[in-house]
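Residues 18 to 225 (the working numbering) are what the sequence shown spells out, left to right.
Backbone N, C-alpha and C fix where the C-beta goes; we use that ideal spot for every residue, glycine too.
Worksheet: one structure, shown below.
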Amino acid sequence: MLVMDAVLETYEAKGFTLWPVSGLPEERLLRLSGDLSSRQVGTAMAVLASYNKGPRKRGERHAGDGMAHVRRLLAAECVVAPGGLRVRDTVTGITASPGCCFGLENWRDWFGLLEGEEPWLGHDPEPRVEHAGDVVRLRPDAARHEELHIDIPRAELRELLGSVQDDLAGFLEAVERWASRRFAPVAAALVTTLDASLAVSARLDDSP
């Protein structure tokens, strides 16, 4: 069975204290979905807010203020989400984690595979895709372990990406609940910003 998840790297949440966060997962990847606990949502938001905080502006409130941290996230031209899509083959036990510099905000680039494209998926590790008949062959780290691969039937790819969209939509609902309790004045704006930056609500038919 193949499982495709939207995941966020959690390095930026280490030592974060502006709001409650969860313990960091051992593999440093947090799966995003509507099933996250409040503290796990806090971890995700700590990552996003810290990664996209930009330079402080003159006269801005103290950096230790949670609302100021969130407002700087809202001011980002485009939210960058370190992470991406993780693919797991539960039969072989092979997992392909996202590479560096190909953020979750680019997840819809995977739809290019349906048009015969072979999108770049980051580096270190260096996941690589190629077309092999009726399957898309995904190598988790082509630079170091070229022999390892996961075969994704092209006929299943759209459904797998649809499951990612469902998980991201659930994550936005969890963010709305979390933000409504902690940062009510900007809760709606926060969800709107993440929805647009992560391309969650747009129809799958609108993807490349």
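State buried or exposed for residue i, treating a residue as buried only when at least 16 other CB atoms are found within 10 Å of its CB.
{"i": "VAL87", "result": "buried"}
{"i": "TYR68", "result": "buried"}
{"i": "THR109", "result": "exposed"}
{"i": "GLU26", "result": "buried"}
{"i": "GLY40", "result": "exposed"}
{"i": "SER218", "result": "exposed"}
{"i": "ALA205", "result": "exposed"}
{"i": "MET18", "result": "exposed"}
{"i": "VAL20", "result": "exposed"}
{"i": "THR34", "result": "exposed"}
{"i": "GLY236", "result": "Residue 236 cannot be examined here, being either before or after the span of the chain that is shown, 18 to 225."}
{"i": "PRO142", "result": "buried"}
{"i": "ALA92", "result": "exposed"}
{"i": "THR107", "result": "exposed"}
{"i": "ARG199", "result": "buried"}
State the start and end residues of the unbroken alpha helix (DSSP H) segment that holds residue i.
{"i": "GLU135", "result": "Unbroken run through GLU135: none, as it is neither H nor E."}
{"i": "ASP168", "result": "Per DSSP, ASP168 belongs to no alpha helix (DSSP H); it is in the beta strand (DSSP E), 167-170."}
{"i": "ARG220", "result": "No alpha helix (DSSP H) contains ARG220, which DSSP labels as neither H nor E."}
{"i": "ARG56", "result": "55-68"}
For residue i, name the three-state secondary structure that DSSP assigns.
{"i": "ASP141", "result": "coil"}
{"i": "ASP106", "result": "strand"}
{"i": "ARG199", "result": "helix"}
{"i": "ARG48", "result": "strand"}
{"i": "LEU91", "result": "helix"}
{"i": "LEU188", "result": "For the sequence presented, residue 188 should be read as Phe rather than Leu. Here PHE188 sits in helix by DSSP."}
{"i": "THR34", "result": "coil"}
{"i": "ALA159", "result": "coil"}
{"i": "ASP82", "result": "coil"}
{"i": "GLU176", "result": "helix"}
{"i": "ALA204", "result": "helix"}
{"i": "LEU121", "result": "helix"}
{"i": "GLY40", "result": "coil"}
{"i": "GLU193", "result": "helix"}
{"i": "GLY17", "result": "Residue 17 lies beyond the range of the chain shown here (18 to 225); nothing can be said about it."}
{"i": "ALA213", "result": "helix"}
List the DSSP bridge partners of residue i.
{"i": "ALA113", "result": "VAL104"}
{"i": "GLU147", "result": "ARG154"}
Starting from residue i and walking both ways along the beta strand (DSSP E), at which residues does that stretch end?
{"i": "MET21", "result": "19-26"}
ask   = Should the region 148-157 be regarded as contacting the region 188-200, the criterion being three or more beta carbon pairs within less than 8 Å?
value = With a cut-off of 8 Å on Cβ pairs, the region 148-157 is not in contact with the region 188-200, counting fewer than three such pairs.
ask   = With contact counted as at least three CB pairs below 8 Å, one residue from each stretch, are the region 44-54 and the region 172-186 in contact?
value = The region 44-54 vs the region 172-186: in contact.
request  = Would you be able to state if there are at least three C-beta pairs under 8 Å between the region 114-121 and the region 84-102?
outcome  = Yes: the two stretches touch, three or more of their Cβ pairs being nearer than 8 Å.
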